[in-house]
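Since the structure comes first, as structure tokens, the remarks are kept for the end.
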Amino acid sequence: MNIIGGIIKKIRISKNMTQAELAHDIVSPQFLSHFENCKSDIKVQTFLRLLDRLNVKYNEFVSETFDTYTSEINSFIDNLRLAKQSNNIVMLETLILRQQQLYEETNNSRYLHYGIVAKQILNSITDTEFNSSEIDIVMRYLHNVNDWGHYEIILFGNIIFCLNPTQVLSFQHTVLKKIEKYATINKKKGPYAMVILNMANYCLENNCLNQAIEMINKAELLLDGSKSFFELNQKNYLKGIYLIKSGSIEQGTELCNKAIDILIHFKDFANANSKKKELESILIE
1 MNIIGGIIKK
11 IRISKNMTQA
21 ELAHDIVSPQ
31 FLSHFENCKS
41 DIKVQTFLRL
51 LDRLNVKYNE
61 FVSETFDTYT
71 SEINSFIDNL
81 RLAKQSNNIV
91 MLETLILRQQ
101 QLYEETNNSR
111 YLHYGIVAKQ
121 ILNSITDTEF
131 NSSEIDIVMR
141 YLHNVNDWGH
151 YEIILFGNII
161 FCLNPTQVLS
171 FQHTVLKKIE
181 KYATINKKKG
191 PYAMVILNMA
201 NYCLENNCLN
211 QAIEMINKAE
221 LLLDGSKSFF
231 ELNQKNYLKG
241 IYLIKSGSIE
251 QGTELCNKAI
261 DILIHFKDFA
271 NANSKKKELE
281 SILIE
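This is how it looks when you write it as structure tokens:
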């Protein structure tokens with residue numbers, strides 16, 4: 001989906017500028033209307049002239065585009081998380097269908113990839129085997145990208161749950177290296193910390209405790225001074241699980257329960273319920 005025109009529209013309105021004023025001597029108002037509604041492409045030179053009239057620097061526009069793009073992905077990921085925690089099959093099927101529709105309309109691989117992620121979550125809560133041929137589509141994409149960006153990091157963090165240890169290890173160095181790079185560029189460190197925490201959770205589920213605490217410590221360092229509530233709470237919960245599995249049952253249980261109580265306080269009941277069930281299961285192992 002081409003969001004550039006929509007962002008131009010957002011900036012134009014924020015500057016109290018009409019379409020006619022922005023379009024004058026650059027494009028027709030009709031063309032600008034089509035572009036702002038994502039129905040037309042635009043030449044680079046024309047696009048730069050529009051930015052100039054808006055008195056917006058290119059790097060400012062890129063920042064605005066990045067925020068809009070990540071907001072779309074983050075919203076989808078939040079819905080995935082909610083559906084998974086509440087075992088909401090109908091919600092997952094709706095999300096999958098929407099991704100399929102968007103992929104058919106735009107041919108943007110983002111919708112193909114996240115549709116595959118959603119399908120594997122559906123498989124996990126319905127006790128169905130993961131679809132290895134679909135997972136391979138994402139794996140081939142990640143292997144073929146020589147220089148990972150924000151998209152690849154977040155995609156890996158969301159599909160890790162259905163990978164095998166060999167696949168995870170093959171990407172671990174790249175993921176951590178790129179997170180270190182992009183976390184210094186982008187102010188919002190929460191999404192990157194969440195990828196590391198997903199890696200920690202994967203390690204805990206596979207009883208790789210040394211690797212798990214290493215990931216937890218890396219996430220803790222990344223979140224130092226951060227106000228990313230969700231990620232900080234998740235870090236504390238996973239640290240509690242690590243302590244339980246390492247033999248410090250009382251200390252770990254206390255830390256996990258504190259994290260669950262915080263979720264209840266903020267009315268994140270699906271997440272709290274999911275964690276409570278997981279904690280109970282681990283304590284009776």
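Quick note: the sequence shown uses UniProt numbering, first residue 1, plus one each step. Backbone N, C-alpha and C define an ideal beta-carbon position, used for all residues, glycine too. This structure is a prediction, so every number in the text was calculated from the model and none was measured.
For Cys-203, the enclosing alpha helix (DSSP H) covers residues 190-205. Within a 10 Å sphere around the beta-carbon of Pro-191 sit 16 or more other beta-carbons, which makes this residue buried. Close CB contacts of Ile-241 within its chain, under the 7 Å cut and outside five residues either way in sequence, are with Leu-204, Gly-252, Cys-256, Ile-282 (chain order). When the Cα atoms are used, Lys-15 and Ile-3 turn out to be separated by approximately 19 Å. Here the C-alpha atom of Asp-224 lies approximately 26 Å from the C-alpha atom of Lys-276.
A distance of 9 Å or more separates the beta carbons of Ser-228 and Gln-85. Excluding the 5 residues flanking it on each side, Gln-120 has same chain C-beta neighbours closer than 8 Å at Phe-130, Asn-131, Glu-134, Ile-135, Ile-159, Phe-161, Cys-162, in chain order. In this structure, DSSP gives Leu-163 a state outside helix and strand, which the three-state scheme calls coil.
Assignment of Ser-246 by DSSP, reduced to helix, strand and coil, places it in the coil class. With a minimum length of 4 residues, the unbroken runs of alpha helix (DSSP H) contained wholly in the region 27-85 fall at 29-36, 44-54, 58-85.
Secondary structure at Met-215: helix, using DSSP grouped into helix, strand and coil.
DSSP places Ile-8 in the uninterrupted alpha helix (DSSP H) bounded by 4-14. For Tyr-111, the number of other beta carbons within 10 angstroms of its own is at least 16, and it is reported as buried. In the three-state reduction of the DSSP assignment, Gly-225 falls in the coil class. Counting along the chain, Glu-93 sits inside the alpha helix (DSSP H) bounded by residues 89-106. Rounded to whole angstroms, the separation of the alpha carbons of Val-27 and Gln-234 is 50 Å. Put simply, the backbone Cα of Phe-31 is about 8 Å away from that of Ser-40. The C-beta separation of Gln-45 from Ser-33 comes to about 20 Å, leaving the pair out of contact by the 8 Å criterion. In this structure, the CA atom of Ile-196 is about 17 Å from the CA atom of Asn-164.
By the C-beta density criterion, Glu-280 is exposed, having fewer than 16 other C-beta atoms within 10 angstroms.
With fewer than 16 other beta carbons inside 10 angstroms of its own, His-24 counts as exposed. DSSP, read as helix, strand or coil, puts Gly-149 in coil. Taking C-alpha positions only, Phe-35 is separated from Ile-8 by approximately 9 Å. Secondary structure note for Lys-276: its alpha helix (DSSP H) is the uninterrupted segment 269-283.
Residues of the same chain with a CB within less than 7 Å of the CB of Leu-50, apart from the 5 flanking positions on each side, are Ile-8, Leu-22, Ile-26 in chain order. Looking only at His-150, Ile-153, Val-117, Glu-104, the smallest Cα-Cα distance to Ile-137 is reached by Val-117.
Counting every other CB atom within 10 Å of its CB across the protein chains shown gives Ile-264 a total below 16, marking it as exposed.
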